[in-house]
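Here the structure comes first, spelled out in structure tokens, and everything after it is commentary.
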Amino acid sequence: MLFRRRTKLHPIKRLREMLWPSMGWERTWDYIRHRMFRRSDSSYAITAGLAAGVAVSFSPIMGTHIVQAAGLSLITRANIFAGAIGTLFGNPTTFPMIWWASYQLGAFIIGLFWDVRMVELPDHITFDFLMAHPYKIFMPMMVGGYTLALVSWPLTYMICYWPVKQMQKAYHADRLQKLRDKIMHREHAEQEKDKNAD
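In structure tokens form, the structure reads like this:
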């Protein structure tokens, strides 16, 4: 599985690692960049993977986002790792806004095509009410969430395609330069060795 450690982290440490990586942001970015660009995947595959991850972040089915992103990436022939990275769009800072937007849009759509009373909520919502009528929250969030997912995929793709293409070019140019430097260093070392032998 992606990102799996040899030793499992405590949930609090895992959350802290997500918000502030122990290896530092620069090394974390280098790792992500290497994992995404090291293969010969096209700019389409990487961007489509990111778009898939962002899209499934609107799903209210928590704990399945990476699996959904992987499935959507396979269907669209996208980079699965990029899909997993895209799911980071859904995080503790964005989920409240995502859930609110999903519910509001879902309730509006249900009101257009079905009876709005199916998802009407009382003025004062209690935990007991939610346990007794979970569909009143979950159904609008499903309808609205997957509608937003359908909209967000092409939007994310259009926004990210050009930057991804440029980063991919820069990454491969950097790798090529490092390879050239390594060859030159080796040749220089061999020349020095030959001189010393003479």
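Going by our numbering, the first residue of the sequence shown is number 1127, and it counts up by one from there. Where a beta carbon is used, it is the ideal one built from N, C-alpha and C, also for glycine.
For the alpha helix (DSSP H) that contains glutamine 1195, what are its first and last residues? As a working mapping, residue 1195 is identified with position 69 in the sequence shown. Correcting the residue type first, residue 1195 is alanine in the shown sequence and not glutamine. Element bounds for alanine 1195: 1191-1201.
Between which two residues does the alpha helix (DSSP H) holding alanine 1204 run? Translated into positions along the sequence shown, residue 1204 becomes position 78. DSSP places alanine 1204 in no alpha helix (DSSP H); its state is neither H nor E.
Alpha carbon to alpha carbon, what distance is there between serine 1278 and phenylalanine 1129? Within the sequence shown, the letter at position 3 stands for residue 1129. Within the sequence shown, the letter at position 152 stands for residue 1278. With a pLDDT of only 48 at phenylalanine 1129, under 50, the local geometry of the prediction cannot be trusted, and no value is derived from it.
Pick helix, strand or coil for valine 1245, following the three-state DSSP scheme. Within the sequence shown, the letter at position 119 stands for residue 1245. Assigned with DSSP and collapsed to three states, valine 1245 falls in coil, not helix or strand.
Isoleucine 1236 vs proline 1266 beta-carbon contact at 8 Å: Here the question's residue 1236 lines up with position 110 in the sequence shown. Here the question's residue 1266 lines up with position 140 in the sequence shown. Yes. Within cutoff.
Under the rule that 16 or more other beta-carbon atoms within 10 Å means buried, what is glycine 1189, buried or exposed? For the purposes of this step, residue 1189 is taken as the residue at position 63 of the sequence shown. The residue in question, glycine 1189, is exposed, as its Cβ has fewer than 16 Cβ neighbours within 10 Å.
Serine 1263 (DSSP reduced to helix, strand or coil): Counting from 1 along the sequence shown, the entry for residue 1263 is found at position 137. Per the sequence presented here, residue 1263 reads as isoleucine, with serine not at that position. Helix, per DSSP.
Exposure of glutamine 1325, with buried meaning 16 or more beta-carbon neighbours within 10 Å: Here the chain comprises residues numbered 1127 to 1324, so residue 1325 is not present and cannot be evaluated.
Quick one: what's got a C-beta closer than 7 Å to lysine 1262's C-beta in the same chain, skipping five residues either side? As a working note, residue 1262 is residue 136 in the sequence shown. Around lysine 1262: Val1245, Leu1247.
Reduced DSSP secondary structure (H/G/I, E/B, other) of methionine 1257: Residue 1257 sits at position 131 when you count from the first residue of the sequence shown. Residue state, collapsed to three classes: helix.
To the nearest angstrom, how far is it from the Cα of proline 1218 to the Cα of serine 1183? For the purposes of this step, residue 1218 is identified with residue 92 of the sequence shown, where counting begins at 1. For the purposes of this step, residue 1183 is identified with residue 57 of the sequence shown, where counting begins at 1. Computed Cα separation, rounded: 12 Å.
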